[in-house]
Amino acid sequence: MKSKKIMLGTIVMIAALILAACGTTDNNETSPKENDEDMEMDSGSDEDMEMEHSDSGEVPDDLKEAANPTYEVGSKAIIETDHMEGMKNAEATIVGAYDTTAYVISYTPTTGGDRVEDHKWVIQEEIKDVENETLDSGTEVTIEADHMKGMEGATAEIESSEKTTVYMIDYTPTTGGEEVKNHKWVTDSELSAE
Numbered sequence: 163m164k165s166k167k168i169m170l171g172t173i174v175m176i177a178a179l180i181l182a183a184c185g186t187t188d189n190n191e192t193s194p195k196e197n198d199e200d201m202e203m204d205s206g207s208d209e210d211m212e213m214e215h216s217d218s219g220e221v222p223d224d225l226k227e228a229a230n231p232t233y234e235v236g237s238k239a240i241i242e243t244d245h246m247e248g249m250k251n252a253e254a255t256i257v258g259a260y261d262t263t264a265y266v267i268s269y270t271p272t273t274g275g276d277r278v279e280d281h282k283w284v285i286q287e288e289i290k291d292v293e294n295e296t297l298d299s300g301t302e303v304t305i306e307a308d309h310m311k312g313m314e315g316a317t318a319e320i321e322s323s324e325k326t327t328v329y330m331i332d333y334t335p336t337t338g339g340e341e342v343k344n345h346k347w348v349t350d351s352e353l354s355a356e
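The sequence shown begins at 163 in this note's numbering and counts up one residue at a time.
This is the structure in structure tokens:
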């Protein structure tokens, strides 16, 4: 009888521990309230992905600065897109301007999780083993950019492409919070003059 009570007590304790563990969150994850400016808002599964912003401003070695950009480095522009929450209508400072081909891609993060659909933008120079040819829709590629957690090394499908000037920008989200530094990338059509 005593051993049955001990066994029952042990089972109850194990069950309580399991239930308690199910109720905790991973400390590496951030809630939308804690980190709204880091939540991708493009479309599809991007809404649940965390951006990994680099303050370094590093760009691929072979990326060419734009010869005649619409928005000069150091100038201001209004953001007309909503890749991330708090981005639309924010004032951007242009940090870099580059002529390249920008791609919309879909991919499954290397860290697991749902497929990210129609992510904007990855540029030509951030795709592994690609020269100067513009890639066709449906082409499978390996991504070398680390804009988002699980992006670097992921296999992606090209959805569409656009030859354009891309900009690296700094901005303060309209939803509040810290300034976002060196956001990659927005295009000419996603900015407007102040």
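We treat Cβ as the ideally placed atom computed from N, Cα and C, and that holds for glycine.
Proximity to ILE305 across ASP298, GLU295 and ILE320 peaks at ILE320, based on C-alpha coordinates. Measuring C-alpha to C-alpha distances from SER268 to each of MET313, GLU352 and GLY339 identifies MET313 as the nearest.
Out of VAL292, ALA316 and ILE241, the CA that lies nearest to the CA of THR273 is found in ALA316.
With fewer than three CB-CB distances shorter than 8 Å, the region 326-344 does not count as touching the region 292-311.
Distances from the CA of GLY258 to each of ASP332, GLY338 and ARG277 were compared; the closest alpha carbon is that of ASP332.
Its Cα nearest to that of SER323, the residue THR349 stands out among ASN251, ILE241, THR349 and ALA254. In the structure shown, SER237 falls within a coil segment according to DSSP collapsed to helix, strand and coil.
If you look at SER322, you'll find it in the beta strand (DSSP E) that goes 317-333.
When rounded, the separation of the alpha-carbon atoms in ARG277 and ALA318 is 10 Å. Judged by pairs of C-beta atoms under 8 Å, the region 220-229 does not touch the region 240-248, as fewer than three such pairs exist.
Taking each of ALA264, GLY236 and VAL235 in turn and checking the Cα distance to SER351, the smallest one comes out for ALA264.
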